[in-house]
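Student: Starting off with a structure, shown below.
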Amino acid sequence: MNAEPWLALLAGELRRQGLADPQVATVVADVRAHLRDSAEDPYRAFGAPERYAAAVAESLRGPASHARPVGPVRLQADGITKRYGRRQVLRDVNLTVRAGQIAAVVGANGCGKSTLLNICAGLISPDAGTVTVHGTLSHSPQDGGTAPYLLPDEHFALVGAGKGLTRDRSRTAGRARAGELGWQDVGATLAGQLSGGTRQKLNLVMSTLTEPDVLLLDEPYQGFDRGAYVNLWQQLWRLRDDGKAIVVVTHMLNELDQVDIVLDLTEANS
Amino acid sequence: MLSAVDLDRRNQWLRGILDLCVLALLARDESYGYELGQALERAGLGAIQGGTLYPVLLRLQRTGCVTTRWQEGDGGPARKYYRITDAGRDCLARDGEDWLGFAASVAKLLDEGGGP
Numbered sequence: 001m002n003a004e005p006w007l008a009l010l011a012g013e014l015r016r017q018g019l020a021d022p023q024v025a026t027v028v029a030d031v032r033a034h035l036r037d038s039a040e041d042p043y044r045a046f047g048a049p050e051r052y053a054a055a056v057a058e059s060l061r062g063p064a065s066h067a068r069p070v071g072p073v074r075l076q077a078d079g080i081t082k083r084y085g086r087r088q089v090l091r092d093v094n095l096t097v098r099a100g101q102i103a104a105v106v107g108a109n110g111c112g113k114s115t116l117l118n119i120c121a122g123l124i125s126p127d128a129g130t131v132t133v134h135g136t137l138s139h140s141p142q143d144g145g146t147a148p149y150l151l152p153d154e155h156f157a158l159v160g161a162g163k164g165l166t167r168d169r170s171r172t173a174g175r176a177r178a179g180e181l182g183w184q185d186v187g188a189t190l191a192g193q194l195s196g197g198t199r200q201k202l203n204l205v206m207s208t209l210t211e212p213d214v215l216l217l218d219e220p221y222q223g224f225d226r227g228a229y230v231n232l233w234q235q236l237w238r239l240r241d242d243g244k245a246i247v248v249v250t251h252m253l254n255e256l257d258q259v260d261i262v263l264d265l266t267e268a269n270s
Numbered sequence: 001m002l003s004a005v006d007l008d009r010r011n012q013w014l015r016g017i018l019d020l021c022v023l024a025l026l027a028r029d030e031s032y033g034y035e036l037g038q039a040l041e042r043a044g045l046g047a048i049q050g051g052t053l054y055p056v057l058l059r060l061q062r063t064g065c066v067t068t069r070w071q072e073g074d075g076g077p078a079r080k081y082y083r084i085t086d087a088g089r090d091c092l093a094r095d096g097e098d099w100l101g102f103a104a105s106v107a108k109l110l111d112e113g114g115g116p
């Protein structure tokens, strides 16, 4: 049984999980030694590479650390209430997010997740309640803020210009962020011709490029494959470590143990 | 041969106790991954796949319960040996006692319930 193809896949998945090269080498060497001793099929002994890589990463990381320092309050939403006609969408919702925290907003379809995010972004007004933002804010809406007839680099330049970055600096920074999301070949394709998943990455890069203090993301993984999804969370954890306050609207529950705050609007409104 | 349901239940038990079983083995003597797997199976815990065992070893290493060293075999390949630390022995003594108390309670319950 030649285990090398499996080991190569494992190494890639471990890097994707954010392990440093020496750690990757150690883990791969352990598995190789075990397979040599046991003469087993790697899929039988260790399962699928991505699942084993995730188990290893969890063992090395430990449970989500509660000791992480958090900073000052960046976003505070108090008593947010919103109706559309006779339909009550949000009732007295409260959310406080500090620098260095990720809040996940979850709940059934139509329970007001996007409405809450739009209120936090200042795009719509609540019927009651206040939102206070300390610092700069960036909002990545669900249906994209991309321009179909511009190149990705032009999007980076446009957003960067708002922060006084030169075209070159914007492009370099934008492409670096794109690379973190596994989007390598940022080339001569107009935004309108990108796949849905890649356009969503463009959307994400634009919202993080300006280094906002508060980042609002509305289901930021639409069209992502599993690899891109892992990359996204790696990037969010890095941004959190950099002291950003992040709010993610999501219906994916499997990452909830990695966030700091969970706001379930299904409960909050019932 | 265990059914899938039995196997699933057994895996859930192992999740809570495998680290202590590994520490108990290492308290006797240092060992390497494959050998530990074999010893656990011989001890009656069923086949422990590498995919289950090595994450536990990594966790024990991270928490300082074991240390590792590579040793050249006699003519064979080099192997990574795991050795229990003082912290590992403390953990084994403390958490092992907790488990024995818990297992005794379970046994009493099952017994009173007209178990096996």
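Residue numbers (full-length UniProt numbering), protein chains in the order written: chain A, 1 to 270; chain B, 1 to 116.
Glycine residues also receive a C-beta, built at the ideal position from the N, C-alpha and C atoms.
What runs of the alpha helix (DSSP H), each 4 residues or longer, lie entirely inside the region 47-102 of chain A?
Tutor: DSSP runs (the alpha helix (DSSP H)) wholly in the region 47-102 of chain A: 49-61.
Student: By the 10 Å Cβ neighbour count, where 16 or more other Cβ atoms means buried, how is F102 of chain B classified, buried or exposed?
Tutor: The residue you call residue 102 of chain B lines up with position 102 of the second sequence. Under this definition F102 of chain B is an exposed residue.
Student: Quick one: which residues of the region 33-58 of chain B get their C-beta closer than 7 Å to a C-beta of chain A? List them in chain order.
Tutor: Against chain A - using a Cβ distance shorter than 7 Å - the residues of the region 33-58 of chain B are G33, Y34, Q49, G50, G51, Y54, P55, L58.
Student: Tell me whether V106 of chain B is buried or exposed, calling it buried when 16 or more other Cβ atoms sit within 10 Å of its Cβ.
Tutor: Along the second sequence, read from residue 1 onward, the residue named residue 106 of chain B stands at position 106. With fewer than 16 Cβ atoms within 10 Å of its Cβ, V106 of chain B is classed as exposed.
Student: Quick one: what's got a C-beta closer than 8 Å to V186 of chain A's C-beta in the same chain, skipping five residues either side?
Tutor: For the purposes of this step, residue 186 of chain A is identified with residue 186 of the first sequence, where counting begins at 1. Result list for V186 of chain A: P152, D153, G174, R175, A178, in chain order.
Student: So who's on the other strand from residue 301 of chain A, going by DSSP bridges?
Tutor: Lying outside 1 to 270, the shown extent of chain A, residue 301 of chain A is not represented and no answer is given.
Student: Measure the beta-carbon distance from V66 of chain B to T85 of chain B and round it to whole angstroms, keeping in mind my assumption that it falls under 8 Å.
Tutor: As a first step, residue 66 of chain B is located in the second sequence; it is residue number 66 there, counting from the start. As a first step, residue 85 of chain B is located in the second sequence; it is residue number 85 there, counting from the start. Right, their Cβ atoms sit about 6 Å apart.
Student: Work out the CA separation of A87 of chain B and G64 of chain B for me, nearest whole Å.
Tutor: Numbered from its first residue, the second sequence carries residue 64 of chain B at position 64. Numbered from its first residue, the second sequence carries residue 87 of chain B at position 87. Rounded to whole angstroms, G64 of chain B to A87 of chain B spans 7 Å at the Cα level.
Student: Short of 7 Å in beta carbon distance, which residues of its chain neighbour H66 of chain A, apart from the five on each side in sequence? Order them along the chain.
Tutor: In the first sequence, residue 66 of chain A corresponds to position 66, counting from 1. Low confidence applies here, because H66 of chain A scores a pLDDT of 48, under 50, leaving its location unreliable; read the following figure in that light. If we look at H66 of chain A and ignore the five residues flanking it on each side, it has no Cβ neighbours.
Student: Is I124 of chain A helix, strand or coil when you go by DSSP?
Tutor: As a position in the first sequence, residue 124 of chain A is number 124, starting the count at 1. In this structure, I124 of chain A counts as coil in the three-state DSSP scheme.
Student: Residues of chain A with CB under 9 Å from R15 of chain B, in chain order?
Tutor: The count along the second sequence starts at 1 and reaches residue 15 of chain B at position 15. What R15 of chain B touches in chain A: nothing, since even the nearest Cβ is about 11 Å away.
Student: So, are the CB atoms of I246 of chain A and L204 of chain A less than 7 Å apart?
Tutor: For the purposes of this step, residue 246 of chain A is taken as the residue at position 246 of the first sequence. For the purposes of this step, residue 204 of chain A is taken as the residue at position 204 of the first sequence. Against a cut-off of 7 Å, the Cβ pair of L204 of chain A and I246 of chain A comes out as no contact.
Student: In this structure, does DSSP put T85 of chain B in helix, strand or coil?
Tutor: Mapped onto the second sequence, residue 85 of chain B falls at position 85. DSSP places T85 of chain B in coil when its eight states are reduced to three.
Student: Kindly list the residues whose CB is nearer than 8 Å to the CB of R169 of chain A, restricted to its own chain and excluding five residues on each side of it in sequence; keep chain order.
Tutor: One-based indexing of the first sequence puts residue 169 of chain A at position 169. Answer for R169 of chain A: G160, listed in chain order.
Student: For I246 of chain A, list the residues DSSP reports as bridge partners.
Tutor: For the purposes of this step, residue 246 of chain A is identified with residue 246 of the first sequence, where counting begins at 1. Its beta-bridge partners are A:I102, A:L215.
Student: Is G73 of chain B buried or exposed, if buried means 16 or more other CB atoms sit within 10 Å of its CB?
Tutor: Taking the first residue of the second sequence as 1, we reach residue 73 of chain B at position 73. G73 of chain B comes out exposed.
Student: Using beta carbons (cut-off 7 Å, strictly below), is A45 of chain A in contact with chain B?
Tutor: As a working note, residue 45 of chain A is residue 45 in the first sequence. Closer than 7 Å to some Cβ of chain B, the Cβ of A45 of chain A qualifies, so yes.
Student: Whole angstroms is fine: what's the gap from V259 of chain A's alpha carbon to G75 of chain B's?
Tutor: As a working note, residue 259 of chain A is residue 259 in the first sequence. As a working note, residue 75 of chain B is residue 75 in the second sequence. Roughly 50 Å between the two C-alpha positions.
Student: Just to confirm before moving on: does the CB-CB distance between R91 of chain A and G135 of chain A stay below 7 Å?
Tutor: The count along the first sequence starts at 1 and reaches residue 91 of chain A at position 91. The count along the first sequence starts at 1 and reaches residue 135 of chain A at position 135. Not closer than 7 Å, so no.
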